[in-house]
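First the structure, in the form of structure tokens, and then the observations on it.
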Amino acid sequence: MVKEFAQPQQYALILGGSSGLGLASAKKLAMHGMGLFVLHRNTRAEIKVIETAFDEIKEMNAPFYAFNDDVLDKEKRALLITFAREKNIKFSCVLHSIAKGSLKSMVDNENDTLTEDDFQLTMQYMAYSLLDWVKELHEAKLLTDDTRVIAFTSEGGRKAWKHYGAVSAAKASLEAIVRNMALEFAPYGIKSNCIQAGVTITQSMQRIPGSDLLQDHTIKRNPFKRMTTPEDVANVVYLLCKKEAAWINGSIIPVDGGEHIT
Numbered sequence: 629m630v631k632e633f634a635q636p637q638q639y640a641l642i643l644g645g646s647s648g649l650g651l652a653s654a655k656k657l658a659m660h661g662m663g664l665f666v667l668h669r670n671t672r673a674e675i676k677v678i679e680t681a682f683d684e685i686k687e688m689n690a691p692f693y694a695f696n697d698d699v700l701d702k703e704k705r706a707l708l709i710t711f712a713r714e715k716n717i718k719f720s721c722v723l724h725s726i727a728k729g730s731l732k733s734m735v736d737n738e739n740d741t742l743t744e745d746d747f748q749l750t751m752q753y754m755a756y757s758l759l760d761w762v763k764e765l766h767e768a769k770l771l772t773d774d775t776r777v778i779a780f781t782s783e784g785g786r787k788a789w790k791h792y793g794a795v796s797a798a799k800a801s802l803e804a805i806v807r808n809m810a811l812e813f814a815p816y817g818i819k820s821n822c823i824q825a826g827v828t829i830t831q832s833m834q835r836i837p838g839s840d841l842l843q844d845h846t847i848k849r850n851p852f853k854r855m856t857t858p859e860d861v862a863n864v865v866y867l868l869c870k871k872e873a874a875w876i877n878g879s880i881i882p883v884d885g886g887e888h889i890t
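Going by the numbering used here, the first residue of the sequence shown is number 629, and it counts up by one from there.
Right, dumping it as structure tokens:
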């Protein structure tokens with residue numbers, strides 16, 4: 629297999645890379661020689677499973693660094709930036725795959741409902757955090773003159789799903805942030821895009837109440853009669869990192885087998 633990201637060595641920073649789309653993307657990029665900084669936040673109970681996945685990536689012989697830190701922690705962000713600077717590393721890709729938010733409904737007679745704090749927390753993790761990281765990396769001169777910024781969104785940013793209100797608001801904000809980043813960071817050679825992944829079975833998706841019904845509906849409406857896989861999405865992350873994708877900027881790219889057209 630051609631390791632096109634190894635000569636010269638390129639690096640990706642993956643925000644949220646221990647499961648789902650982020651982990652699949654990490655594996656795909658490492659397979660093609662991309663060095664990785666993977667930021668994740670997991671408990672001790674989860675670490676053993678995650679370390680097994682990370683060991684598989686290390687066997688691909690691409691440089692690999694993992695950081696079990698909160699994406700909103702400013703001090704930890706500063707430490708990672710210092711670490712990268714000391715190693716003279718710049719990032720060719722920044723991938724945002726954070727899935728931390730409230731799944732409460734807006735109205736419920738029996739359970740807690742969404743509050744302003746729920747919205748704020750969800751927005752901070754799933755939208756604002758991307759700009760915070762990209763701005764600080766840019767100010768630290770740790771981005772290249774052709775860096776690809778990629779964020780994961782969903783149809784939920786423009787459609788109403790029960791229990792998805794806070795996440796929906798965050799996805800809509802994330803899309804707006806990426807769209808404006810595509811304009812304002814373009815003079816520095818930075819390209820920013822969203823991938824709109826189809827409904828995918830991940831830990832985050834399975835936490836949504838009624839996710840089994842959503843899965844059944846997705847299979848029925850998808851032209852290929854199957855759900856999107858993390859690997860489907862990772863393949864497009866890889867494509868967006870290639871030099872041939874340098875003219876793609878400010879786009880929302882559906883990766884769903886045509887699910888969005890039905």
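In this text, a Cβ means the ideal position worked out from N, Cα and C, and glycines have one as well. Only a predicted model underlies this, so the values are computations on that prediction, with no experimental measurement involved.
Using a Cβ distance threshold of 8 Å, F682 and S725 do not count as a contacting pair.
Residue burial is scored here from C-beta neighbours: F852 has fewer than 16 other C-beta atoms within 10 angstroms and is therefore classed as exposed. Nearest to I881 by C-alpha distance, out of T890, T741, G826 and F711, is G826. For a cut-off of 8 Å, the C-beta gap from L742 to K732 is around 5 Å, short enough to register as a contact. Ranked by how close their Cα comes to the Cα of R705, the residues L759, N850 and R776 have L759 in first place.
In this structure, the CA atom of A768 is about 46 Å from the CA atom of D736.
Below 8 Å, enough C-beta pairs join the segment 647–657 and the segment 856–869 to call them touching: three or more.
Counted as a single uninterrupted DSSP element, the beta strand (DSSP E) harbouring F780 occupies residues L771 to T781. Between L723 and L643, the gap from beta carbon to beta carbon is short of 8 Å. For the segment 714–799, the continuous alpha helix (DSSP H) assignments of 4+ residues that do not extend past its boundaries occur at 744–751 and 757–767, in sequence order. Going by C-alpha positions, N670 is about 22 Å away from L657.
Within the DSSP secondary-structure output, Q637 pairs in a beta bridge with A634. If you look at K870, you'll find it isn't in any alpha helix (DSSP H); DSSP assigns it neither H nor E. For K853, no beta strand (DSSP E) encloses it, and the DSSP letter there is neither H nor E. In the structure shown, G878 falls within a coil segment according to DSSP collapsed to helix, strand and coil. Counting along the chain, the unbroken alpha helix (DSSP H) around H845 starts and ends at S839 to R849. Cβ-Cβ separation between L700 and Q752: approximately 6 Å, consistent with a contact (criterion under 8 Å).
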